[in-house]
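First comes the structure, then the notes that go with it.
Numbering (UniProt numbering), first residue to last: 1 to 362.
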């Protein structure tokens, strides 16, 4: 009997490993009459799990399954509470603008913005040897505006043909944060994608200056990718920039494919976000919620838990699960959840993650 049990236990280990899903709660809230919302991600390993429907989730309160007839659970569009920005930062120094490769860069960037722009706002900025960035297209949801701005780079001639790579990354992060800060939605997710064909030649800022900026708390959860092309690129140390992924192309013909790979990562990881809304049957007291996700492709399951207060709950009026959520937390802010009504994270502190995608390897 003992040998049989040991064999069964050994066989179960890889089965659990390959079928488990990871659910990560980013925010949650509750509001009268008896609405509950939770914003979370679903992943299997490092891969996002997309396409789950309301019926793929089971809701338990204090260990008991909540009937779907009572909960009226729905998956809302994350855009009602969250905004996602991607900044594309392009190297237009002399080695790019004067080498005849500008058209290839613009074409690749256009394909990138077309794909990423379907799910979030995209801003395009450029840099050369000057200290300041050049605004090609501020953050917008208009495809026409992005296309028109990019076309201008086909004939762009820099006043300073050097490469201010380190300074551009630092300024890009600041501009991305400044743009996100203007948004009124409570959940904000930022991604920076940097394209360059070589090393920093301007030396306005050192590599250590740039790395120090990247380590600042306000950028801690931003996703940052780097795309490099050219013979110099191995010297550029792009890994210091693209902490969530780098794509390298030794020839200009590989630029399009490199942009497509990064766009694919961002596009897929954006789909891992879920906003589940339901009507709780609880009317008083603190309750433990457990949400279980069941996926058919990929096959797997996983769960998450948190506590919320139902004091004063109960209709009238009737609960509408399609009501937009009221998330009190600001992106990136660390707060004491015991002092903020609405976040149901329980005791201690909760960190709201502000990234557009999960970390991706090279």
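We put the CB at the ideal spot given by N, CA and C, even for glycine.
In this structure, the alpha-carbon of residue 199 lies about 21 angstroms from that of residue 174. Judged by DSSP secondary structure, residue 184 falls outside any beta strand (DSSP E); it is assigned neither H nor E. The DSSP assignment places complete beta strand (DSSP E) segments of no fewer than 3 residues inside the region 60 to 97 at 74 to 76, 82 to 91, in order along the chain. In this structure, residue 73 sits away from residue 308, with a CB-CB distance that is not shorter than 8 angstroms.
Across the set 129, 190, 185, 139, the C-alpha of 129 shows the shortest separation from the C-alpha of residue 160. Per the C-alpha coordinates, the member of 288, 190, 202, 284 positioned closest to residue 244 is 190.
Spatial neighbours of residue 36 in its own chain (CB-CB distance under 6 angstroms, excluding positions within 5 residues in sequence) are listed in chain order as 30, 278, 280. DSSP places residue 125 in the strand class (E or B) of the three-state scheme. Contact check for residue 158 against residue 97 passes: the beta carbons are separated by less than 8 angstroms.
Beta-bridge analysis with DSSP links residue 137 to 124. DSSP places residue 299 in the strand class (E or B) of the three-state scheme. Within the region 243 to 290, the runs of beta strand (DSSP E) that reach at least 3 residues and sit entirely inside it are, in chain order, 246 to 249, 273 to 279.
Remark: fewer than three beta-carbon pairs, one from each stretch, lie closer than 8 angstroms, so the region 287 to 303 and the region 93 to 111 are not flagged as touching. Less than 8 angstroms divides the Cβ of residue 262 from the Cβ of residue 193. Taking one beta carbon from each stretch, the region 63 to 78 and the region 295 to 312 have fewer than 3 pairs nearer than 8 angstroms; the two do not touch.
The three-state reading of DSSP puts residue 116 in helix, counting H, G and I together. In terms of Cβ geometry, residue 108 and residue 187 do not form a close pair [threshold 8 angstroms]. Bridge pairing for residue 35: 31, 279 [DSSP]. In the structure shown, residue 106 falls within a helical segment according to DSSP collapsed to helix, strand and coil. The beta-carbon separation of residue 274 and residue 52, rounded to 7 angstroms, stays under the 8 angstroms limit for a contact. By the CB criterion at 8 angstroms, residue 264 and residue 229 fall outside the cutoff. Short of 8 angstroms from the beta carbon of residue 214, and not among the five residues preceding or following it, lie these beta carbons of its own chain, in chain order: 169, 173, 224, 240, 241, 243. Judged by their CB atoms, residue 271 and residue 311 are not nearer to each other than the 8 angstroms cut-off. Taking C-beta separations shorter than 7 angstroms and ignoring five residues to either side along the sequence, the partners of residue 103 in its chain run 154, following chain order. In this chain, the beta strand (DSSP E) harbouring residue 223 covers 223 to 229.
Residue burial annotation: residue 125 is buried, with at least 16 other C-beta atoms found within 10 angstroms of its C-beta. For residue 252, same chain residues with a beta-carbon under 7 angstroms away, outside a window of 5 residues either side, are 101, 104, 229 in chain order.
Between the alpha carbons of residue 122 and residue 21 lies a distance of about 30 angstroms.
Rounded to whole angstroms, the separation of the alpha carbons of residue 306 and residue 267 is 29 angstroms. For residue 49, the three-state secondary structure derived from DSSP is coil.
Counting other Cβ atoms within 10 Å of its Cβ, residue 152 stays below 16 and is therefore classed as exposed.
The shortest C-alpha to C-alpha distance from residue 89 to any of 134, 46, 50 is the one to 134. Between residue 25 and residue 38, the gap from beta carbon to beta carbon is short of 8 angstroms. In this model, residue 33 and residue 322 are separated by some 13 angstroms (Cα to Cα). Exposed is the label assigned to residue 203, since fewer than 16 other Cβ atoms lie within 10 Å of its Cβ. Residue environment for residue 257: exposed (fewer than 16 other C-beta atoms within 10 angstroms of its C-beta).
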